[in-house]
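Asks: Would you mind keeping the following structure in view while I ask a few things?
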Amino acid sequence: MEAGAPESRGIAFTEPSPSLKTRGAGELAYGNGLFQLLTVVSTAIGSCLYLLHVERFRLTAGVMDHWCERPVAYGNLSVDEWKWLAIPLDEHGERSHCLVRDPPDGGEDSRVIRCSSWEFDLASLGNNAVSEWNLVCNRSWLHSLLRIAHALGAMIALPAAGVAADKVGRKTVTFLTVPVVLIAGVASSLPKDFHFYVGVGTALSAATGALVPPLWALLYEVSPAHMVAPYAGATSIAVVVMIPATLLIASLTSGEWKSVQLALMVPTALLLALYYTVSESPAWLTGRGRIAEAEHVTLRAARLNRVDLPRSREKMVKAVGERQLHKPYGDGFCAARFRLRTALSCYMWIVIGIAKENGHIREGVQVSNSTIAVSLALSAASIFAGSVYLPRIGVKRAVVISGIIYSASTALLAATYMRERTLARDVFVTVLRIAGYSTFSVFFLMTAGMYPVTARSAALGTALSLIRFGETVVQLLATPQHLKRLFIAVTALLTALYAAAAEFLPEELQGAAQQMTAVANHGGIPSGLDLRRAMQATLEPLSKKPMEARQKKAFEENVRGPRKTSLWPSRQR
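Letter 541 of the sequence shown, counting from 1, is numbered 541 in UniProt numbering, and no numbers are missing.
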């Protein structure tokens with residue numbers, strides 16, 4: 001741990017605490033059951049929609065093969081004949097996308113000019129924003145502008161939503177974001193103007209990103225210590241399975257990018273369910289000192305989980321007593337005590353974004369569709385296995401191991417990389433994808449635990465923002481094929497440093513059972529000392545007016561003698 005960091009009572013990484021292994025330890029005041037399952041569903045919906053709209057850019061604004069348009073006089077030629085006749089070769093021996101011979105049939109004696117109109121291979125991605133507004137060649141800067149605008153919207157909204165969720169609540173930020181997503185999603189399928197399309201797409205990217213930090217912080221905080229990894233794993237598996245299936249269905253539409261956008265609005269409508277499934281985090285409410293609201297949410301969760309309400313109240317009282325003794329740290333994400341872990345985490349998240357775009361999830365290295373399907377299935381299986389064995393391995397150790405495997409696989413891919421697709425490439429890319437998903441899942445969970453409840457959502461939002469930054473940098477660089485091996489080798493070096501940086505992260509995290517709404521590790525009925533401390537915190541000074549009235553009455557009786565009244569003053573005759 002960095003110097004000056006407070007002693008944590010959290011869950012050990014290298015030597016997991018018993019609360020990760022036994023069901024009774026670290027039991028929450030509202031138990032475990034339907035309340036947590038609803039939170040898992042809500043988090044899965046929000047995460048799926050964010051990543052769906054990230055991938056939406058590939059379908060609705062992906063660059064397909066293109067070439068200079070055939071003049072009317074050459075309209076009877078096939079595409080291959082036209083390319084052979086009029087399209088010159090570039091320095092890599094491939095047909096140019098932006099140059100054409102003038103005249104087309106002049107051979108080597110013709111001058112080479114830039115074309116002003118293009119034809120597109122609509123069979124791959126259909127008619128999308130690129131073919132609609134000719135965002136290629138000398139207009140490719142508009143495509144880069146579109147990509148930057150979409151990414152920048154998410155990069156700003158993710159940490160901003162995280163900070164807001166730490167200030168005003170997870171539920172509040174989620175509920176305010178849902179209508180923005182729905183309105184922007186519908187509007188993004190309507191524009192006929194490029195500028196409007198950029199603006200609406202940026203708003204949609206920002207709104208979907210704003211959903212993720214508060215939902216994941218909520219999931220972490222309402223999960224019992226021994227169920228944090230299984231619940232996070234179940235959410236990640238749902239995301240891994242649902243996104244490819246939804247994108248496949250969307251790509252089978254008419255091919256128009258507007259139809260694809262409308263198809264993606266069908267799962268987006270599931271956001272309305274969040275108004276019924278999302279509750280405020282009792283841990284956050286207690287950490288902010290809003291005890292009455294925390295008690296209300298705790299009792300509601302206890303009813304959903306069918307926990308005995310009197311016992312739940314007793315545990316809540318004990319939690320309030322614990323809060324008086326162990327106040328949560330109010331420091332923010334960038335506080336001095338967290339400076340080292342924050343700097344290391346920022347580097348590690350940028351590396352994950354770079355590696356994510358370069359190989360294990362996207363199209364940085366071309367592989368077959370069957371390889372992608374197998375890698376997704378094995379990735380889901382690895383996430384499940386990790387959620388089961390993570391308490392035994394330890395979170396920090398799992399981050400280091402996954403980083404080493406990722407770096408080694410990337411180095412092997414760089415050593416054997418060829419422009420042609422080979423079996424070795426498919427095998428290494430499969431291992432890369434598995435290690436990549438595992439690395440992301442485990443480190444995301446670790447990030448959630450490295451910060452207190454007052455800074456957790458901001459930390460998660462910053463992590464996702466830095467991933468998006470790393471992805472965007474790689475996309476804008478557009479590494480040529482002849483430099484792909486070098487770039488993969490650089491990625492292997494960066495991931496090796498990622499594993500080394502993980503060794504300097506703190507050994508402990510604050511578990512869900514330590515988020516001020518949990519019972520102490522020994523559990524059971526609150527002691528008399530705990531109850532007395534909790535009750536003392538709720539006492540308020542009595543009004544002085546009744547005491548002054550009694551003193552005045554006693555003075556009159558001493559001077560004039562007692563009046564003949566009944567025993568009860570309210571029943572005088």
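Note that beta-carbon positions come from the ideal geometry of N, C-alpha and C, so glycine has one too. What you are looking at is a predicted structure, and each value in this text was computed from that prediction instead of being measured.
#1: Is the CB-CB distance between residue 246 and residue 52 below 7 Å?
#2: Can you find the residues in the same chain that come closer than 6 Å, C-beta to C-beta, to residue 360, ignoring five residues on each side of it along the sequence?
#3: So, using beta-carbon positions, are residue 150 and residue 205 closer together than 7 Å?
#4: To the nearest whole angstrom, what separates the beta carbons of residue 210 and residue 200, a pair I think is in contact under 8 Å?
#5: Say the cut is 6 Å; is the CB of residue 154 nearer than that to a heavy atom of the ligand SAH?
#6: Over the uninterrupted alpha helix (DSSP H) stretch that includes residue 469, give me the two end residues.
#7: Give the DSSP bridge partners of residue 141, in chain order.
#8: Would you mind working out which of 439, 460, 410 and 469 sits nearest residue 489, comparing C-alpha positions?
#9: Are there 16 or more other CB atoms within 10 angstroms of the CB of residue 234, so buried, or fewer, so exposed?
#10: Does DSSP classify residue 443 as helix, strand or coil?
#11: Quick one: residues in its chain with C-beta nearer than 6 Å to the C-beta of residue 35, no 5 flanking neighbours on either side, listed in chain order?
#12: Is it right to say residue 213 is buried, meaning 16 or more other beta carbons lie within 10 angstroms of its own, or is it exposed?
#13: When the Cβ atoms of the segment 167-176 are set against those of the segment 125-143, are three or more pairs found closer than 8 Å?
#14: How is residue 136 classed by DSSP in three states: helix, strand or coil?
#15: Based on the DSSP secondary-structure assignment, which residues constitute the bridge partners of residue 100?
#16: Go ahead and pull the three-state DSSP assignment for residue 48.
#17: Return yes when the Cβ of residue 297 is within less than 7 Å of the Cβ of residue 282, no when it is not.
#18: Answer yes or no: do residue 154 and residue 348 have a C-beta to C-beta separation smaller than 7 Å?
#19: Give the straight-line distance between the Cα atoms of residue 343 and residue 487, rounded to the nearest whole angstrom.
#20: At what residues does the beta strand (DSSP E) containing residue 68 begin and finish?
#21: In the DSSP assignment, find the unbroken beta strand (DSSP E) run with residue 94 in it and report its ends.
#22: If we count the other Cβ atoms within 10 Å of its Cβ and call it buried at 16 or more, is residue 113 buried or exposed?
#23: Nearest to residue 455 by alpha carbon, out of 216, 94 and 140?
#24: For the segment 226-286, list the alpha helix (DSSP H) runs that are entirely contained and at least 4 residues long, ordered along the chain.
#25: Starting from residue 119, follow the alpha helix (DSSP H) in both directions and report where the run begins and ends.
#26: Could you tell me if residue 115 is buried or exposed, where buried requires 16 or more neighbouring beta carbons within 10 angstroms of its beta carbon?
#27: If you reduce the DSSP assignment to three classes, tell me which class residue 171 lands in.
#28: Whole angstroms are fine: how far does the CA of residue 341 sit from the CA of residue 398?
#29: Given a cut-off of 7 Å on the beta-carbon distance, is the pair residue 440 and residue 383 in contact?
#30: Are residue 427 and residue 231 touching if we call contact CB-CB under 7 Å?
#31: Rounding to the nearest angstrom, what Cα-Cα distance links residue 72 and residue 93 in this structure?
#32: Rounded to the nearest angstrom, what separates residue 387 and residue 225 at their Cα positions?
Replies: Short version:
#1: yes
#2: For residue 360, the predicted structure reports a pLDDT of 44, less than 50, and the residue's modelled location is therefore unreliable. A value from the coordinates is still provided. The residues are 432, 433 and 436.
#3: yes
#4: At roughly 16 Å, the Cβ-Cβ gap does not stay under 8 Å, so residue 210 and residue 200 are not in contact.
#5: The ligand SAH is not part of this structure, which contains no ligands at all.
#6: 456-477
#7: According to DSSP, which records beta bridges pairwise, residue 141 is partnered with nothing at all.
#8: 410
#9: buried
#10: helix
#11: 301, 304 and 305
#12: buried
#13: no
#14: coil
#15: 113
#16: helix
#17: yes
#18: no
#19: 24 Å
#20: 66-68
#21: Segment: none, residue 94 is in no beta strand (DSSP E) and carries neither H nor E.
#22: exposed
#23: 216
#24: 228-251, 257-268 and 274-277
#25: Per DSSP, residue 119 belongs to no alpha helix (DSSP H); it is in the beta strand (DSSP E), 118-120.
#26: buried
#27: helix
#28: 17 Å
#29: no
#30: no
#31: 27 Å
#32: 12 Å
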